[in-house]
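Residue numbers (this note's numbering), protein chains in the order written: chain X, 1 to 507; chain E, 1001 to 1761.
Data first, discussion second: the structure below is written as structure tokens.
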Amino acid sequence: MKLKTGTLKNPLHPPNSLRVGLLLILFSFTVKAEKLAEYWGTSEQEATHYRIIDVPIPDEIVLEAGSFDIVPDGRLAIGTRHGEIYLVDGAFEDPPSPTYHRFASGLDEITGLSWRDGSFFISQQTEVSRITDLDGDGRADEFRTLSDVWGFANYHEFSFGSKCDPDGNICLSKSYESLEKFRGWALKVTSEGETIPICSGIRSPCGVGPNAEGVMFYAESQGPWNGSCSLKHLKPGGFMGHPISFNWYDSAPNMGPKPIEPKNRSRMIIERKRVPELVPYAVVFPYRKMGQQLSGFDVDSTKGAFGPFANQMFIGDFSLGVVMRVTTEKINGIWQGACYPFREGFATGLLAVQFTPNGRLITGGTNRGWPVRGPKPFALQRLDWTGAVPFEVKEINALPDGFLLTFTKPVDPSSTGNPESFKIQAYTHIYHQGYGSPEVDLSIPQVQAVELTADSTQVRLRVNGLIKGHVHDFDLSALRSKSGAPLVHAKAYYTLNEIPRSGSGVE
Amino acid sequence: MNRVTGNLFIALGLITVQTTLTSSLAQTAVPPVIGGLQQHSDIEPLLAGGILLSELNCTACHSSNKKWLSFKGAPDLSGTGNRMIEDHLKEFITDPAGTKPGTTMPNLLDHLSEAERNQTAKALAHYLTSNGSGSVSNQNTASDSVERGRVLYHTVGCVACHSPENPIEGSVPLGSLESKYTLSGLASFLRNPLLTRPSGRMPDLNLNHEEAADLAGYLLRNQTRQVSPFILDVQLAEQGRILFNKHGCITCHQNNSGGEANQSIALKNLRENEGCLSNRKGNWPRYALSNEQKSDIIEVLQNINLRLNEEQEIQTTLTKFNCIACHRRNSYGGIAESRNEYFSSQDPNLGEQGRLPPTLTGAGVKLKPAWLRQILVQGAPGRNYLNTRMPQFPASHLERLMVLIDQTDQLPSVDPISFAKINDAKRAGRDLTGTDGLNCLACHTFKGKRTGAMGALDLTVMAQRLQRDWFHQYLLQPQQFSPNTLMPTYWINGQSQKPEILEGRTNDQIEALWLYLSEGYSAGEPRGLRREPMKLVSTNSEAVMLRRSYRGIGKRGIGVGYPGEVNLVYNAEQLCLAMIWRGEFADPAGVWRSQGHGTVRPLSRNPISFPQMPELAFLDRPNADWPTVQGRSEHYQFNGYTLDEQRRPTFRYHYLNVQVDDNFVETLNPESGTHFLRRTLVFKSISPQKTLVFRAAENAEIIAKNSNRFQIGNNLRITISKEFPAQIINLKNSRQLRVPIHSNSEETSMILDYNWEADRK
């Protein structure tokens, strides 16, 4: 199949004006078999605010959830690694009283699932498909291949897809070798089967979707050219950092010429200047401290029904079975932001998370194949907010001369005077071909001044020694709320790709 | 109640306080029952007295700075109306010990006249019931639910403290639950008891919603009375709120009444025969204390400045929370003889150890503090074979116990052992674990998988639970640490039974095991871990499908198992029939286990394979060279498939502008009684310029049996629709069976039957 004007066309589905979006990633799912990190040790406190509720699974079903969606009648749809799609009633009830209906089976591993226009648009390993129940008997009977332009060179090449978005489906692909077409690439697939390469340089994604502003991101894994796991912005035309995918620029004329190769054993902040297409990690998740294999994520669009973190992203981790929070902001044209611990203690490795209409977070996955902290081979669990607001750093924003920290509850003004309350370290990772990286170039930025807003919920830190491109690692364990409580999670990690220009920051 | 009568009422109450009468309460009522004290009379009187002061909430009014005497608190009464019945509350408040013999709730109204007492209790009960949404419901429970509840009650641990159906004396009383609780109220209490009873004396048994409902249904199985709907009397409720604070209820019971705790004489200044400890009525709580209980309390008052040693503190806490109903620590506590039969196992092969909760002797040197904490507070995976559940307690009450256990228990430390190559040591540990080593798998599960007859504690959580020093010493002498254990020592007199591993060095072997198990869930699987075979077959007369990698076909294989034991794999990348076989469909373990990087294995020893390349080509003439394509050809595009009622697929693809529908159906051969595969190919929009050729088979041996029947190799016979004359084409090393498709119509159908040669015999 040849590319014509930068697109790939499936003859069965001539283009028309309707464009349905679904983002798909193809990649190799590789977790190094190394010892798993310890828990944060915060589950006791977490449980008073967010309770993990088991959603029972009948004995005869192997439910290795790889993707979720909510269908218009309110049922939870689950795509599994076994290649089945289940529709579940009652999963959001209290207590959960689910009944499972198998809508489709026999598919490859489903890592993206989306309901639109009366069909499921799924990403399975071999293709993006549109699946429909034509005769209305509750079981799918039409399976249309929308795109299968990518190849397979070795076994650990997976594909991960987003949900449909208003504009287009995107598909990412990856392998170490990139011996087959579009391995290591992000592709956009439309509902008519049009397939458009949009990014190169992907290593090993797992999880792809938009932030609250509708901008596409994907979760990248630690490994070659990735010192740690991170969330990356899928900037159309961008290069995500792993040069082995350069093989396929000839097949993607819309992407322009092949970028120049990044230098080995360098730093992202240096190579960004040399390689204009290189998109820096938006949010770095320091390895082991914040997961070891990021996975699916979803935006809290429940308008407060899940607590005080509306519009933030919640991302799972496969290895450690934890859920973390992410905030993003665009500074000087570059996406960056922070990640925060949120909830640990899930029963299995998480692959997908999904907010429900009534403000709960459904999680699912498996511990199959790679080292995973959770003991269950698979599980479906729900995270319910108890209604008690936890004392947390709600968000960190960059300022021209420091950071703005917003908290979920008023801070004790006397504890903000304690220099121990705002400890910051800055470090980065080696940008190289080798597998992962230690934290390097460590420095200790100095907090010069602390200003508390009148309502005591925001703290403005003036910091001497901000380092562009580095992770700024916050330790706030000495900070106290007005009622004297410590933070549920005292850690937060801000990736400072860009420092806002004076006058442009959040005031 | 208006202000005037309210004041009058209070005034009357004050007058009554002056008329002190000797009560008969102490002589007739059952003394308060403290679970931990009932079952174990061997505790020192001083400790028993202290436990009473704490459990009866004495120190709520009589303050003391002694931590071990701190009061436990009473149930949180906010939301009472969601679970309790007003009439019961009234009766209970009027006469607690009479309504629930053995209760720890004192009588606070004993000094009032009968009329005042009744009116006060009525107002209090109404006020308390007004707290809550009021949406109580009561429905009869199905008998199977009652039966499940009965089993739960007698197995999960309720009867460690409470009485089984055959009554046991000294049990923590339940009172008349039927008159106290609504069904939904009791179920929600049992689901999360710590919410309303934050003292943790009724711990959280991890009941799920259904279990809590079953248990509540069982406990209320004799409930006949329907709960009458609560009708709010605002004045009465307000009167109750005022009385709630006046009578000091708020001192022990949290709620939202807005009152303040009563404070009386400090504990150290109490006199032995005054107030609550006297037999007189007065404006104080009246407890139905036994003489022994009184004397135990006086023992504390006389030794008020005494400091407990660490083991005494531990004993006190274990007694308050009645840990000793299930556990023994050194010579203290343990399961009472009368309750022993209620401790049962899911795995009788594990013997007493599989039935009885573990000893707490040396728990501080055995368990890692974080694991101990998890067990107590959050629950931890572990002894799944015990039917009795380890309940969860509120962390705040057990912080000190966890520290004490950690500090008090002692064990000699084991010197560090270093290895030249740590990975070699871990490998040795893995070898020791497997069937060729010490075969730990014979008894222990590994990542929840059971290999032998027993399901003893999972090996992958050992290092998370245990301390290294204990692990080393336990493996040498398991019986020393755990008298009930079935665990043998593999180092008899310190001699290894496996001299070939690490040269038989005992300490090195144990350290190697420790290092290997320290990998936890990441640890590689030991040799001999048994796996159940997997099989995917057609059921309910429907075809079964699996799109996955098949050997020799690649990642875009679509396997289909038909009813009638015929099967195929379609190659959706090369657009061809890839393989067929008879018998059962497939073993998916290669793709449904581990990373899934294997292949689906057909359940047949001799599947028939076809060349993995497109079956359709436009040729200049039928015997022209078949086009060879490296990898994928851009001329072919798979479009998916539709399923019929029996889930049988019709595959669809495009070859240039030709659309192909490719359908397979299992078809019965009436002569042999077995099935063959009937394939229907439909071609649309054939371009007339060139000859479209279908390649039906390729084999070294293809023989024409008649004009449309062909023998392919030894096993296969293909029959093609008569209107499509096929040709055998000789190639260098093999032959091909080709069918030219000539058509002038928009749509052309061709049928091929695939018969197994054995069918003819």
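Idealized CB from N, CA, C, for every residue including glycine.
Among the residues of chain X, those whose CB is under 7 Å from the CB of Gly1640(E) are Ser129, Phe143, Arg144, Thr145, following chain order.
For Trp1371(E), none of the residues of chain X pass the 7 Å Cβ criterion, the least Cβ distance being about 12 Å. Per the Cβ contact rule, the segment 1611-1628 of chain E is in contact with the segment 1651-1658 of chain E (3 or more Cβ pairs under 8 Å). Beta-carbon to beta-carbon, Asn1571(E) and Ala1578(E) are separated by about 4 Å, close enough to satisfy the 8 Å threshold.
Val283(X) and Thr328(X) do touch by the CB rule: their CB atoms are close to 7 Å apart, below 8 Å.
Look at Gly1455(E) here: in three-state DSSP terms it is coil, with no helix or strand label. At a cut-off of 7 Å between C-beta atoms, Glu46(X) does not count as an interface residue with respect to chain E. Contacts with chain E (Cβ-Cβ distance below 8 Å) from the segment 343-373 of chain X involve Gly345, Asn367, Arg368, Gly369, Trp370, Pro371, Val372, Arg373, listed in chain order. Of the other Cβ atoms in all chains shown, fewer than 16 fall within 10 Å of the Cβ of Tyr435(X); this residue is therefore exposed. Check the Cα spacing between Tyr340(X) and each of Met313(X), Leu320(X), His242(X), Phe422(X): the tightest is with Met313(X). In the structure shown, the three-state DSSP call for Ser1179(E) is helix.
The C-beta of Leu1643(E) comes closer than 7 Å to at least one C-beta of chain X.
Taking Gly345(X) as reference, the option from Gly484(X), Gly316(X), Gly369(X), Gly359(X) with the minimal CA-CA separation is Gly316(X). In this structure His233(X) is in contact with Val279(X), their Cβ atoms being roughly 6 Å apart against a cut-off of 8 Å.
Taken through DSSP and simplified to helix, strand or coil, Thr1408(E) comes out as helix. Val149(X) is classed as buried because its beta carbon has at least 16 other beta carbons within 10 Å across all chains shown.
With 16 or more other Cβ atoms from the protein chains shown falling within 10 Å of its own Cβ, Ala338(X) counts as buried. At a cut-off of 7 Å between beta carbons, Arg1547(E) contacts chain X. Leu1513(E) and Asn1423(E) have their C-alpha atoms roughly 12 Å apart. Contact between the segment 95-111 of chain X and the segment 74-84 of chain X is established, with three or more Cβ pairs separated by less than 8 Å. The beta carbon of Pro98(X) sits closer than 6 Å to those of Val55, Val88, Gly90, Ala91, all from its chain and outside the five residues before and after it, given in chain order.
Under a criterion of Cβ atoms nearer than 8 Å, the residues of chain E adjacent to Gln125(X) are, in order, Lys1555.
Sequence-distant partners of Ser43(X) (beyond 5 residues in either direction) whose C-beta falls short of 6 Å from its own C-beta, in its chain, are Glu344, Gly345.
One thing to note: Pro1391(E) has its Cβ within 7 Å of the Cβ of Asp1204(E). Bridge partners of Gly1554(E) according to DSSP: Tyr1550(E). A buried status is given to Thr408(X), since no fewer than 16 other beta-carbon atoms sit within 10 Å of its beta-carbon. Rounded to whole angstroms, the Cβ separation of Arg1601(E) and Ala1586(E) is 6 Å, and the two are in contact under 8 Å.
Interface annotation, Gln1595(E): in contact with chain X, CB-CB separation under 7 Å. At least one CB atom of chain E sits nearer than 7 Å to the CB of Leu36(X). Across the structure, Phe246(X) and Ser147(X) are spaced so that their CA atoms are roughly 21 Å apart. Rounded to the nearest angstrom, the Cβ distance from Gln1646(E) to Glu1565(E) is 14 Å, too far for a contact under 8 Å.
Ranking Pro1488(E), Ala1125(E), Gly1185(E), Asn1755(E) by CA distance to the CA of Leu1668(E) puts Asn1755(E) first. Around Gln1038(E), the same chain offers Gly1170 as residues with beta carbons nearer than 7 Å, after the five sequence neighbours per side are excluded.
Look at Ser1418(E): its C-beta is not under 7 Å from any C-beta on chain X.
Identification of residues in the segment 223-250 of chain X having a C-beta nearer than 7 Å to some C-beta of chain E yields an empty set. Phe318(X) and Val372(X) do touch by the CB rule: their CB atoms are close to 7 Å apart, below 8 Å.
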